[in-house]
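In my numbering, the protein residues as written are 27 to 353.
All C-beta atoms, glycine included, are put in the ideal place defined by N, C-alpha and C.
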Ligand SMILES: [Zn+2]
Ligand SMILES: [Zn+2]
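This is the structure:
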């Protein structure tokens with residue numbers, strides 16, 4: 027019964043919430059009824075290191091990283107089959123083949139975030155990179171993956187590689203000073219550029235929204251928020267940076283059937299088409315493989331079947347569309 031309430035709210039049309047704005051049609055390209063963007067928050071072991079919810083957070087993080095590694099080629103196959111692009115919000119460290127510890131520190135060139143605690147993480151002692159193995163992709167595949175980034179970049183589907191900070195920091199203005207943020211982002215841009223990638227789309231780790239002026243300064247065109255589950259419209263910060271609002275996360279609940287998951291995500295896109303909104307899904311590629319094998323193919327088929335009515339795109343391509351239309 028644990029997720030039953032979510033079903034009720036969904037049936038009553040209370041979740042996702044429908045946003046009403048004037049001139050809503052200007053956000054939807056001519057000839058289309060909705061805009062669909064799907065993000066993957068791509069982080070391997072970096073996200074859960076300082077989790078407050080478990081004792082062995084590093085072991086848990088490494089276990090998730092291996093699941094994520096195993097899932098990504100299958101996710102890419104499903105995307106190819108149904109021509110669905112994903113915006114991969116990628117932790118910058120994953121671009122590396124290896125790194126080394128010198129005088130007890132790794133990444134001396136990246137400024138450290140100070141000690142902090144938020145709703146998810148508690149970082150109270152040691153160095154931020156203490157769990158960094160200072161190894162390489164063969165021995166420590168949980169912490170590095172230029173191989174997967176290459177696989178995404180070279181895929182026939184036009185995926186996008188976006189940015190999720192270098193080391194999955196809390197980006198709030200309260201916990202992250204602008205010089206730390208700049209240092210993380212410059213490191214990401216340097217590594218991405220070496221891989222022939224220009225970073226345009228950003229996702230704050232755990233939606234720790236902050237340092238927005240920093241994003242503008244570093245040339246990002248959009249970021250994603252998750253203040254609520256919204257079928258709505260983009261909003262502009264400082265006339266330069268687009269905010270895309272999350273609609274729902276891809277989840278795999280034990281107490282929901284495969285059939286219900288498929289129904290629900292298809293129905294969300296139907297509501298988006300009916301109301302001419304953006305539909306922004308996001309997920310962790312470390313999700314239960316059952317989702318990827320049994321649910322994702324059916325919902326991606328449904329998305330693709332509607333591709334004449336839904337502008338299915340990446341975050342940067344949609345920001346480009348908005349900017350080129352003077353919005
Ligand atoms: Zn490292
Ligand atoms: Zn994350």
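Beyond the five residues adjoining it in sequence on each side, residue 322 comes within less than 8 Å, by CB distance, of 101, 104, 276 in the same chain, given in chain order. Straight-line measurement puts the Cα of residue 207 at about 11 Å from the Cα of residue 243. When secondary structure is reduced to three states using DSSP, residue 67 falls in the strand class. Excluding five sequence positions before and after residue 69, the CB atoms of its chain that fall closer than 7 Å to its own CB belong to 117, 190, 194, given in chain order. Residue 313 and residue 56 have their C-alpha atoms some 35 Å from each other. Straight-line measurement puts the Cα of residue 164 at about 27 Å from the Cα of residue 81. For residue 97, the uninterrupted alpha helix (DSSP H) segment begins and ends at 83 to 108. Annotation: residue 304 is outside any alpha helix (DSSP H); the continuous beta strand (DSSP E) that includes it extends over 304 to 309. Within the region 263 to 332, the alpha helix (DSSP H) runs of at least 4 residues that lie entirely inside it are, in chain order, 284 to 301, 322 to 331. Burial check for residue 319: the Cβ neighbour count within 10 Å stays below 16, so the residue is exposed. In the DSSP assignment, residue 45 falls outside any alpha helix (DSSP H) and carries neither an H nor an E. In this structure, DSSP gives residue 50 a helical state, which the three-state scheme calls helix. Less than 7 Å separates the beta-carbon of residue 250 from that of residue 270. Residue 210: member of the alpha helix (DSSP H) spanning 204 to 220, first to last residue.
The residue among 258, 307, 59, 53 with its C-alpha nearest the C-alpha of residue 348 is 53. Its Cα nearest to that of residue 192, the residue 215 stands out among 186, 179, 215.
Straight-line measurement puts the Cα of residue 296 at about 47 Å from the Cα of residue 160. Nearest in C-alpha terms to residue 86, of all of 346, 266, 74, is 74. Annotation for residue 132 indicates a beta carbon within 6 Å of some heavy atom of ligand 1.
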